[in-house]
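The C-terminal residue of the sequence shown carries number 92 in this note's numbering, and the numbering is unbroken.
Virtual Cβ for every residue (Gly too), placed ideally from N, Cα, C.
One structure is given here, and the rest of the page talks about it.
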Amino acid sequence: MNDVARLRDSTQILLPSGALAGLREDVEEEFTVTVRREESGVRIIGSPVEIKGVSNFLARNGITVA
27 MNDVARLRDS TQILLPSGAL AGLREDVEEE FTVTVRREES GVRIIGSPVE
77 IKGVSNFLAR NGITVA
């Protein structure tokens, strides 16, 4: 099970609603990812390489990714 959790963590980012305010378009334009609104927040889905890039981008813009 541990491998599944690690793979999932490396292919998606979960953020609270509104966390991407003003940045969603930049994320979708710069990275090859899918951004989905869900009841619990926003899910960004992509390859491990893209997710790492998005994570770094978000951190540079003040958004903490766990």
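Please state whether the Cβ-Cβ distance between residue i and residue j is less than 9 Å.
i: Val59; j: Gly72; result: yes
i: Gly79; j: Glu56; result: yes
i: Pro74; j: Ser43; result: no
i: Val68; j: Arg86; result: no
i: Ser66; j: Leu46; result: no
Quick one: what does DSSP say residue i is sitting in, helix, strand or coil?
i: Val91; result: coil
i: Gly67; result: strand
i: Val75; result: helix
i: Met27; result: At Met27, the pLDDT of 49 sits below 50, so the modelled position is not reliable; the number obtained from the coordinates is stated separately. If DSSP states are grouped into helix, strand and coil, Met27 belongs with coil.
Count the other CB atoms within 10 Å of the CB of residue i; is the residue buried (16 or more) or exposed (fewer)?
i: Val53; result: buried
Taking 8 Å as the cut-off, is the beta-carbon of residue i closer than that to any non-hydrogen atom of the ligand HEM?
i: Val91; result: In the structure shown, the ligand HEM is absent, as is every other ligand, since no ligand is present at all.
Can you give the Cα-Cα distance for residue i and residue j, rounded to whole angstroms?
i: Ile77; j: Ile70; result: 8 Å
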